[in-house]
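Report on the following structure.
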Amino acid sequence: MQNEDTSDLSRGYFGASTGAAAALIAAAERPDDVSAIVSRGGRPDLAGPVLSKVKAPTLLIVGERDYTVIDLNQDALNGLQVEKRLVIVPGATHLFEEPGALEEVAQLSAEWFLNHLSSKA
230 MQNEDTSDLS RGYFGASTGA AAALIAAAER PDDVSAIVSR GGRPDLAGPV LSKVKAPTLL
290 IVGERDYTVI DLNQDALNGL QVEKRLVIVP GATHLFEEPG ALEEVAQLSA EWFLNHLSSK
350 A
């Protein structure tokens with residue numbers, strides 16, 4: 230049963246690390262149900278075979294000092310056939326533990342969702 234207060238809202242997925250691959254796979258399996266995706270320090274490469282099936286605008290956020298994950302995200306960006314963006318957070322490592330890093334992730338995520346989520350009505 231759907232909640233009447235939220236039934237007219239669109240849905241966004243946020244995933245971190247391997248959870249980003251799960252979000253992308255879930256979005257590929259239900260393309261009409263997901264309106265936006267944000268990946269933080271994600272492993273979108275693990276969703277490689279289904280990246281071309283993702284229909285939701287996708288934001289990939291990676292720390293500047295997370296070298297391997299930057300490369301994996303750049304490769305995945307090429308596999309996405311939707312509106313997409315890769316943002317590299319200066320000075321941040323994989324867990325975004327540096328002062329201000331998570332705040333920047335939160336700000337970027339909020340802006341992405343505000344721009345891509347709306348009422349279904």
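Taken in order, the sequence shown gives residues 230 to 350; the numbers are from this note's numbering. Where is the CB? At the ideal position from N, CA and C, for every residue including glycine. All of these numbers come straight from a predicted model, not from anything done at the bench.
>> When you compare the stretch 275-289 with the stretch 250-257, are there three or more beta-carbon pairs, one atom per stretch, that lie closer than 8 Å?
In response: Between the stretch 275-289 and the stretch 250-257, the count of Cβ pairs shorter than 8 Å is three or higher; the stretches touch.
>> For a test of the three-state rule: what should DSSP assign to F243, helix, strand or coil?
In response: For F243, the secondary structure class from DSSP, reduced to helix, strand or coil, is strand.
>> Less than 8 Å separating the Cβ of L280 from some heavy atom of the ligand ADP?
In response: Among the components of this structure there are no ligands whatsoever, and the ligand ADP is therefore not found.
>> Can you check which of these residues, V311, G308, V334 and E312, is closest to S320 by C-alpha distance?
In response: Looking at the sequence itself, residue 320 is Gly, so the reference to Ser does not match. When C-alpha distances from G320 are compared across V311, G308, V334 and E312, the shortest belongs to V334.
>> Strictly by DSSP, which residues pair up with K282?
In response: Partner(s): none; K282 has no beta bridge.
> Could you give the distance in angstroms between the alpha-carbon of A350 and the alpha-carbon of L337?
Replying inline: Residue placement at A350 cannot be trusted, given a pLDDT of 46 that sits under 50; what the coordinates show is reported in the next sentence. Taken atom to atom, the span from the alpha-carbon of A350 to that of L337 is near 26 Å.
> Between S264 and G241, which are expected to be in contact by the criterion C-beta below 8 Å, what is the C-beta distance as a whole number of angstroms?
Replying inline: Cβ atoms of S264 and G241 come within 8 Å of each other, at about 6 Å.
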